[in-house]
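Okay, so here's the structure we're looking at.
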Amino acid sequence: MVMANRIIILLDMDYFFAQVEERESPQFKGKPVVVGADPKEGKGRGVVSTANYEARKYGIHSALPISKAWQLCPEAVFLPPNFELYSRVSENIMNIIRGVVQSHRLVHETILEQVSLDEAYIEINPKSETRNSKQTWEKAEKLAQEMRKEIFRKEKLKCSCGVGPNKMIAKIACEAAKPNGVKVVTEEEAEKFVESLDIEKMPGIGKKTAAILHESNFRTVGDLKKLSEHDLEDLFGKRGSEMYLHVRGIDHAAVETEREAKSIGKEVTFETDTRDPELLIRTFESLAKQVAREVAEQGLVFRTITVVCRFSGFETHTKDKTLKKSSSSEAVLRQEAIKLFLRFLTENQKPIRLLGVRAKIAPKSNM
DNA sequence: ATTGAAGTACACG
DNA sequence: CTAACGCGTGTACTTCAAT
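Note that our numbering has the first sequence beginning at -14, numbered continuously upward.
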């Protein structure tokens, strides 16, 4: 039906948080900038959100522990994330994208999936007679360039675009295009394009999966073609069958215009691991309160409550409870969550590093 | 056999 | 001295009990 011969663009801002900070404070340009947790003279417990390219020269990157980043480059500019600012900028960018796409009349209806503050997929559904023609790919590339140009003109921010026949190819092409570029990979080029990549570049293959595959000397995406669909399914289940298609340049995932929240949660890491009952209970009530408020704000209800507890040594466990009837009550959330939490306290003696509360959203109907 | 609940593992930005 | 390691969210899997 509408699936055949799509063209999909992934637009991704370059080092988004750090780039916004550079724009707001031009004196940082040319210096290493690290946006993330407070480094606290090397004692901080958080991680890096985004590092600009100068900081990356020191080996600093997203998700790196901030203490390590401090070791690598203590003279870097360390900044806390300003999510309010990034959210405003993000809204502007999404609006620019919508504007450009609509003015291009390659599409009747704008199919845009916002993946995060700084990333969006745009699906082009050309008229059937022009589908998959060379000109259509060229138009898609022009569209990508124009979105980038408008974002730079209006927001003074750089981004990159990947253009491909599906989301996976668009995503990988975008990585190849960075920084500040566009890369087009057509349907015919897709399989060859992924073949020489290291397997961990493939979306869905993270550290653990890569490690398993490396054990058997599978290094590149091309290597994985030696495995049958059956082999991959035995090894990795449902993800395995997807992998079988991915390594051949195929991905059927749809561009989803809107997704609704399935769960809402809050968690915090303590400055130092603790068993202080006052602190634990206080933290806990505050988390439950925040979660309940957010659920209520969005006019939702929950039925399953999950408590997360991370102990010294990073050992992490969850407990959950599903209620007979769904609820939106803060008191219910707090009480059920505390019951679950007390079981942790008796089962495990170790100091606690992190606490979290999560509410699984239930259908809002018959309560 | 199927469904629901509890708990774990892994991935991603 | 290969450890440092947030937060929010989603999907898939396993195990066990009840239907």
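Ideal Cβ positions, reconstructed from N, Cα and C, are used throughout, including at glycine.
Predicted model, so just to flag it, every value in this text is computed and none were measured.
Annotation for residue 99: the continuous beta strand (DSSP E) segment containing it runs 96 to 101. Spatial neighbours of residue 205 in its own chain (CB-CB distance under 8 Å, excluding positions within 5 residues in sequence) are listed in chain order as 180, 181, 182, 183 and 184. With a 10 Å radius around the Cβ and a threshold of 16 neighbouring Cβ atoms, residue 103 comes out buried. Straight through space, the alpha carbons of residue 309 and residue 46 are spaced by roughly 45 Å. Excluding five sequence positions before and after residue 24, the CB atoms of its chain that fall closer than 6 Å to its own CB belong to 51, 55 and 63, given in chain order.
Secondary structure note for residue 271: its alpha helix (DSSP H) is the uninterrupted segment 262 to 282. Residue pairing for residue 63: DSSP places it in a beta bridge opposite 19.
Taking C-alpha positions only, residue 344 is separated from residue 235 by approximately 35 Å.
For the 8 Å CB-CB criterion, residue 143 and residue 334 do not form a contact.
Separation of the CB atoms of residue 19 and residue 106 is rounded to 28 Å, and the pair is thereby denied contact status at 8 Å. Taking a C-beta distance under 8 Å as the contact criterion, residue 175 and residue 168 do not qualify as a contact pair. Look at residue 211 here: in three-state DSSP terms it is coil, with no helix or strand label. For residue 89, the three-state secondary structure derived from DSSP is coil. Residue 86 is a Cβ neighbour of residue 92, given a cutoff of 8 Å.
Pairing residue 159 with residue 76, the inter-Cα distance amounts to about 21 Å.
For the 8 Å CB-CB criterion, residue 311 and residue 347 form a contact. Its chain contains 32 and 33 as the residues whose beta carbon lies nearer than 7 Å to that of residue 48, once the 5 sequence neighbours on both sides are disregarded; these appear in chain order. Residue pairing for residue 72: DSSP places it in no beta bridge.
Sequence-distant partners of residue 125 (beyond 5 residues in either direction) whose C-beta falls short of 8 Å from its own C-beta, in its chain, are -8, -6, 91, 109, 148 and 169.
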